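Encoded as structure tokens, the structure appears first; notes follow it.
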Amino acid sequence: MANKLINQMGLPKSIANVFAARNITTAKEALSLTEFELMEVLDVSLADVTSAIARISEITCPPYQTALTLMEQRVQKEHMGGHLPTRLKGLDNALCGGIPFGVLTELVGPAGIGKTQLCLKLALLASLPTAYGGLGGRVIYIDVESKFSSKRMIEMGSKSFPDMFHTKGMAQEMAGRILVLQPASLSEFTESLQQLKISLLQNQVKLLIIDSMAALISGEYGQGPARQHLLGWHISFIKSLAEFSRIPVVVTNQVRSQTRDEACQYSFQGQSREKAVEDHTGYDSHLVAALGIHWAHAVTIRLVLDSKSGKRFIKLAKSPISPPLAFPYNITSSGITLLNDDGIELTGPEINSIHCQGHSDIINFDGERFQ
Amino acid sequence: MEVGRLPISASQRGKLISAGYTTLASLSSLSPSDLARDLKIPESEAFEILKVASHDCRLDQPDKSNGIFAGAQTAWEMLHEEQSFPRITTSCADLDNILGGGINCKEVTEIGGVPGIGKTQLGIQLSVNVQIPVDFGGLGGKAVYIDTEGSFMVERALQIAEASVVDMSHYNELLRKELRTCQVEIQPTDILKNIFYFRICSYTEQIALINHLDKFILEHKDVKIVIIDSVTFHFRQDFEDLALRTRLLGGMALKLMNLANKYNLAVVIFNQVTTKHKEGSFQLSLALGDSWSHCCTNRVILYWNGDERNAHIDKSPSLKSASAPFSVTRKGIRNSASNHKRIKLM
């Protein structure tokens, strides 16, 4: 609504003409100036400017909803009250029904922990007919690292829903609903994102998966402001995609090892700084999510997948819905399954830490750290 | 005083100056018709100029006999007023303590912290707590929730509202055994009904809404808290011109402050964090730069201290710098008492 035209806002004719003559045509341009600047540019009195600004603001600002109408709408219009169930009972309970629509959900974890497995599972679930508890829609899967495996997905499907997948042609129909895009470069990805906006509305798409965001960005850009700027554009674009089409968006993120001088303290915490540095030298390798703090602010739900003492955990690291919980899981032929549904409530920043050690079939990150 | 400072249009100012009227004193003894003739403008316009000029003149030289400016208050009156207004509790006693009893009305409070620390949760909690009826020591007001990030979760708001209703009836049983008349009549759905939710998708909308809030609150007098979650998001991207950003943010903060004063409500602004190079090392600090940090009355930073979430008062004209622990539970923001300690992972 920022680009609404001023001459459509029902301002008094004389004022509207002055705006047009000074080439201030949109609300964005008018509101970027202060009242006194406007007086100077438009050459009209203060009272006129104030009333014009008030009018423009009123038209530009979106209408309000009460939280109650918002909730009623979700319950009425949307399947399962706006959630995609993950079929992981504990996780679904904690998230009030599953991955919520309209927001970004991020999966972070070291290589080989099961991020792609979870993505495949979600893709499958979203494509299931509603009678089986799915969303019965198309899925767009942006596969950056070429890790998508149809075979694995169908295996998961036939293990989890044997009766359905043994019906002839069902597997084909399910798999036919999942569109896999494999962009080779960031510019290609950006282009397909822009095309997505239109196709999201046309094609009954119910889920968007980007696996992985970090591979795209870190592949082409180093650290620094250029990358931040670029990421900023993608953040707002993907968020608005999720918002406008009201679908869940799942994005995966990689990890990298934490550098020594990484900021993790405020200036007023000065005294405890030395202690924090000592901690870093411990045996445990310190991993952090690859895309920085700016990105972390943008995602609404962050699930951390990690392993500790040979057990894998899925942790709700950031969520406005639920307390910090960790669920042990393992990966079977039917996909990710939780070992228990109660979850362990964690206190402290433990929930955000990403561990990766002591498990034979996971690449050990310690070696890399000492190079 | 110069004519240049008058709030009149540029062409009128130009005409005044070219006709030799450079000071306000030179305008004081003129009649509208004289001025109209001198400047070759309609008499009505000349009358407007004189009206503005005489108004400004009066502000410049206050009536000495009275000694009080219009709209000013004495410090004594302010103290009295401050004490008579209840504060909005955060539902965490420790946090309330360091805040001097909760979030204060008539003030702009900025709250910042790393992702996942509980900013949105605190926002939802406050939008519920502002509605605690006067009988229970609350304000019985309504809330405006401005969501720029799309992270407001209705399900969570419902959970917190339910917990708050349960707490209120507990309070009732404990303290008012003899006074059975005072029942909890408020329902969780009523609480949700009184949260006005705005979803903002660009910085222009954000500015527009803040301009419009004045009118909105005039129509909804019960609004006692305005929450912006977060002020940063749209200003952090798509901004090439940083001077423009600073100016827009400054204007916005000024309007919020006026709003807080005029309608006697609390404004709570959430901010994100960024890294900053300082004294040879990288440190965390709140986003939007140094000039923004002057804009708010109070500044609270939420951070991890070991295993606990803590809140630190970074800036406040009336409170001493202090930290207090808090925790986020299923019921909302609560005290982080040691008996509350849950099972830790390994």
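Chains as they are written, first to last, in UniProt numbering: chain A, 1 to 371; chain B, 1 to 346. The C-beta atom is built at its ideal place from N, Cα and C for all residues, glycine as well. Just so it is clear, the structure is predicted and the values come from calculations on it, not from any experiment.
For residue i, collect the residues of the same chain with a Cβ closer than 6 Å to its Cβ; drop the 5 residues on either side in sequence, then sort them by chain order.
i, result
"residue 228 of chain B", "146, 269"
"residue 141 of chain B", "130, 222, 224"
"residue 76 of chain B", "none"
"residue 165 of chain A", "157, 158, 171"
"residue 263 of chain B", "217"
"residue 16 of chain B", "3"
"residue 297 of chain B", "107, 108"
My understanding is that residue i touches residue j, with C-beta atoms under 8 Å, so please give their C-beta distance in whole angstroms.
i, j, result
"residue 107 of chain B", "residue 322 of chain B", "Residue 107 of chain B to residue 322 of chain B, Cβ: 17 Å. No contact."
"residue 71 of chain A", "residue 154 of chain B", "4 Å"
"residue 293 of chain A", "residue 114 of chain A", "That belief does not hold up - the Cβ atoms of residue 293 of chain A and residue 114 of chain A are roughly 25 Å apart, past 8 Å."
"residue 304 of chain A", "residue 344 of chain A", "Actually they are not in contact, since the Cβ atoms of residue 304 of chain A and residue 344 of chain A sit about 13 Å apart, beyond 8 Å."
"residue 258 of chain B", "residue 93 of chain B", "Not really, about 32 Å apart at Cβ, beyond 8 Å."
"residue 39 of chain B", "residue 19 of chain B", "6 Å"
"residue 88 of chain A", "residue 338 of chain A", "5 Å"
"residue 66 of chain A", "residue 193 of chain B", "5 Å"
Which residues does DSSP list as the beta-bridge partners of residue i?
i, result
"residue 312 of chain A", "A:307, A:329"
"residue 282 of chain B", "B:277"
"residue 332 of chain B", "B:329"
"residue 304 of chain B", "B:309"
"residue 169 of chain A", "Answer is none; residue 169 of chain A lacks a bridge partner."
"residue 270 of chain B", "B:111"
"residue 315 of chain B", "B:299"
"residue 198 of chain B", "B:146"
Distance, Cα to Cα, residue i vs residue j?
i, j, result
"residue 313 of chain A", "residue 84 of chain A", "21 Å"
"residue 324 of chain B", "residue 120 of chain B", "18 Å"
"residue 278 of chain B", "residue 246 of chain B", "21 Å"
"residue 96 of chain B", "residue 248 of chain A", "37 Å"
"residue 64 of chain B", "residue 72 of chain B", "Any reading at residue 64 of chain B needs caution, since the residue's pLDDT is 43, under 50, leaving its predicted position unreliable; the model's value is listed next. Those two C-alpha atoms are separated by around 14 Å."
"residue 28 of chain A", "residue 5 of chain A", "9 Å"
"residue 183 of chain A", "residue 77 of chain A", "34 Å"
"residue 18 of chain A", "residue 105 of chain B", "40 Å"
"residue 387 of chain A", "residue 153 of chain A", "Shown here, chain A extends from 1 to 371; a query on residue 387 of chain A therefore has no answer."
"residue 143 of chain A", "residue 48 of chain A", "55 Å"
"residue 150 of chain B", "residue 243 of chain A", "8 Å"
"residue 168 of chain B", "residue 109 of chain B", "26 Å"
"residue 234 of chain B", "residue 293 of chain B", "17 Å"
"residue 297 of chain A", "residue 136 of chain B", "36 Å"
"residue 12 of chain B", "residue 11 of chain A", "23 Å"
"residue 415 of chain A", "residue 307 of chain B", "Chain A is shown only over 1 to 371; residue 415 of chain A falls outside these bounds and no answer can be derived."
"residue 50 of chain A", "residue 39 of chain A", "10 Å"
"residue 31 of chain A", "residue 61 of chain A", "11 Å"
"residue 139 of chain B", "residue 99 of chain B", "17 Å"
"residue 125 of chain B", "residue 333 of chain B", "7 Å"
"residue 210 of chain A", "residue 69 of chain A", "31 Å"
"residue 207 of chain B", "residue 7 of chain A", "19 Å"
"residue 52 of chain A", "residue 15 of chain A", "8 Å"
"residue 34 of chain A", "residue 22 of chain A", "15 Å"
"residue 256 of chain B", "residue 233 of chain A", "28 Å"
"residue 307 of chain A", "residue 101 of chain A", "28 Å"
"residue 305 of chain B", "residue 267 of chain A", "13 Å"
"residue 32 of chain B", "residue 237 of chain B", "51 Å"
"residue 244 of chain B", "residue 186 of chain A", "30 Å"
"residue 37 of chain A", "residue 230 of chain B", "27 Å"
"residue 318 of chain A", "residue 318 of chain B", "33 Å"
"residue 20 of chain A", "residue 45 of chain B", "23 Å"
"residue 313 of chain B", "residue 327 of chain B", "17 Å"
"residue 325 of chain A", "residue 198 of chain A", "37 Å"
"residue 241 of chain B", "residue 290 of chain B", "16 Å"
Quick one: which chain C residues come within Cβ less than 9 Å of residue i?
i, result
"residue 314 of chain B", "Chain labels in this structure do not include chain C; the protein chains are A and B."
Leaving aside the five residues before and after residue i along the sequence, list all residues of the same chain whose C-beta is less than 7 Å from its C-beta, in chain order.
i, result
"residue 295 of chain A", "231, 235"
"residue 441 of chain A", "Because chain A spans 1 through 371 in this model, residue 441 of chain A falls outside it and cannot be assessed."
"residue 121 of chain A", "156, 335, 336"
"residue 8 of chain B", "49, 52"
"residue 14 of chain B", "none"
Residues in the same chain with beta-carbon distance under 8 Å from residue i, minus the five sequence neighbours each way, listed in chain order, please.
i, result
"residue 279 of chain A", "Model confidence at residue 279 of chain A stands at a pLDDT of 42, short of 50, so the residue's coordinates are unreliable; what they give is reported in the following sentence. Excluding positions up to five away in sequence, the list is empty."
"residue 330 of chain B", "159, 163"
"residue 181 of chain A", "140, 141, 142, 143, 192"
"residue 132 of chain B", "89, 138, 139, 140, 164, 168"
Notebook entry, point to check: So does the region 140-154 of chain B actually touch the region 197-210 of chain B, counting three or more Cβ pairs closer than 8 Å?
Noted result: They touch, by the three-pair rule.
Next item on the list: Pair every Cβ in the region 136-152 of chain A with every Cβ in the region 173-182 of chain A, then say whether three or more of these pairs are closer than 8 Å.
Entry: Short answer: they touch.
Notebook entry, point to check: Would the region 106-115 of chain A and the region 233-253 of chain A be scored as touching if the rule is three or more Cβ pairs under 8 Å?
Noted result: With a cut-off of 8 Å, the region 233-253 of chain A and the region 106-115 of chain A count as touching, because enough Cβ pairs lie within range.
Note to self: Three Cβ pairs or more, each shorter than 8 Å: is that satisfied between the region 286-298 of chain B and the region 270-278 of chain B?
What the structure shows: Judged by Cβ distances under 8 Å, the region 286-298 of chain B makes contact with the region 270-278 of chain B, as three or more pairs qualify.
Check: Does the region 24-42 of chain A touch the region 53-68 of chain A, meaning 3 or more C-beta pairs lie closer than 8 Å?
Finding: Enough Cβ pairs lie closer than 8 Å, so yes.
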